[in-house]
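The block underneath contains the structure these notes are about, expressed in structure tokens.
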Amino acid sequence: MLEPYRNQKYDDKEAVNTSHDLVKIFERRRTIRHFSSEAPSSEVILNAIDIARMAPSGANRQPWSFCLIGSAEVKKEIRKLAEKEEYEFYHERPNKEWLKSLEHLHTNEEKAFLEEAPFLIGIFYKHYNVVDGKKDSTNYYAKESVGIATGMLISALHLSGLSVLTYTPSKMQFLAPYLDRPSEERTFMVLGVGLPKDNVLVPKIEKKTMDQILTTYLS
Ligand SMILES: Cc1cc2nc3c(=O)[nH]c(=O)nc-3n(C[C@H](O)[C@H](O)[C@H](O)COP(=O)(O)O)c2cc1C
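Be aware that the sequence shown starts at 113, since it is given in my numbering, and climbs by one per residue.
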């Protein structure tokens, strides 16, 4: 079955202007690691997840689920579980090359943001679906699909004026059982979401230029 496609139509000038405005807005997107205690409305976050839900996915399998966490108790436990993993990562089984690449971010095993961020979003994906306790069907390109949905989620949050910390502990297996996720779900990442703390600082980094990342074949 097919149905009419109804996208918003811009004239060319409007499209160019919109794209320039978006570049300016996205130039200001940064990962922040210290959140204000002022909590944004959960409605903004629910709408951003609603946008992620519209993402394209391999064979439209939509292999993702999201957990929105605002409970202080749940955040505290996630921090405790995460810091246990992080301690091992930084001290007990350190990968020197990996740790070196993180030096400029000044991160360590302490993950206070997991409690300070007003909201955490746990993002999960699954390579297959289970029906009546049995493997039913495969999800193709599950990780690519959830990555695109997460990009749309981060973009929607940024466009709504919220800041995000993309958090990927080296071992994330602790999260799915703690949140009682179905056994076929794998943790993709955790986002800390909120408003930045006043006068927050971010690492001074460079983004690659268009010349460095783009090759054109236009005529
Ligand atoms: C897949 C992925 C995993 C990341 N994991 C972490 C993390 O575990 N902890 C952290 O502090 N930042 C993490 N980040 C944030 C990056 O460090 C950050 O995006 C990068 O330094 C560029 O900075 P910017 O987001 O401010 O442009 C992650 C980002 C991505 C895309």
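For glycine and all other residues, C-beta sits at the position ideal for the given N, C-alpha and C. Remember, predicted model here, so these are calculated numbers, not experimental data.
**Asked** To which residues does DSSP link Tyr237 through a beta bridge?
**Response** Per DSSP, Trp176 and Arg298.
**Message:** Residues in the same chain with beta-carbon distance under 6 Å from Ala164, minus the five sequence neighbours each way, listed in chain order, please.
**Reply:** So the qualifying residues of the chain are Ala261, Met264 and Leu265.
**Request:** Sort Arg118, Tyr290, Lys283 and Leu274 by Cα distance to Arg145 and report the nearest one.
**Result:** Selection Arg118, Tyr290, Lys283 and Leu274 evaluated against Arg145 yields Leu274 as nearest (Cα-Cα).
**Prompt:** Less than 9 Å separating the beta-carbons of His218 and Pro315?
**Reply:** Cβ distance < 9 Å, so His218 and Pro315 count as in contact.
**Message:** Can you look up Ser282 in the DSSP assignment and give me helix, strand or coil?
**Reply:** The three-state secondary structure of Ser282, taken from DSSP, is coil.
**Item:** Segment limits, beta strand (DSSP E) that includes Ser249
**Value:** Residue range Lys246 to Thr250 is occupied by the beta strand (DSSP E) that includes Ser249.
**Unbroken stretches of the alpha helix (DSSP H), 4 residues or longer, contained in the region 137-190** = Counting only runs of 4 or more, we get 154-164.
**Message:** Looking only at its chain, what residues have a beta carbon closer than 8 Å to the beta carbon of His308, apart from the 5 residues adjacent to it on each side?
**Reply:** Sequence check: residue 308 is Pro here, not His. Closer than 8 Å at the Cβ level, and outside the excluded window around Pro308, lie Ile144, His146, Phe147, Ser148 and Ser275.
**Request:** Would you kindly work out how many angstroms separate the C-alpha atoms of Ile233 and Leu214, rounded to a whole number?
**Result:** When rounded, the distance between both Cα atoms is 23 Å.
**Asked** Start and end of the alpha helix (DSSP H) containing Ile317?
**Response** Where Ile317 is concerned, there is no enclosing alpha helix (DSSP H), given that its DSSP letter is neither H nor E.
**Request:** For Ala232, name the three-state secondary structure that DSSP assigns.
**Result:** The amino acid at residue 232 is misidentified as Ala; the sequence shows Leu. Three-state result, Leu232: strand.
**Prompt:** Cβ-heavy atom distance between Pro315 and ligand 1 below 8 Å?
**Reply:** Yes, Cβ of Pro315 sits closer than 8 Å to a heavy atom of ligand 1.
**Asked** Alpha carbon to alpha carbon, what distance is there between Pro289 and Arg141?
**Response** The alpha-carbon of Arg141 is positioned some 32 Å away from that of Pro289.
**Message:** I need the straight-line Cα distance from Ala194 to Met166, nearest angstrom please.
**Reply:** Those two C-alpha atoms are separated by around 30 Å.
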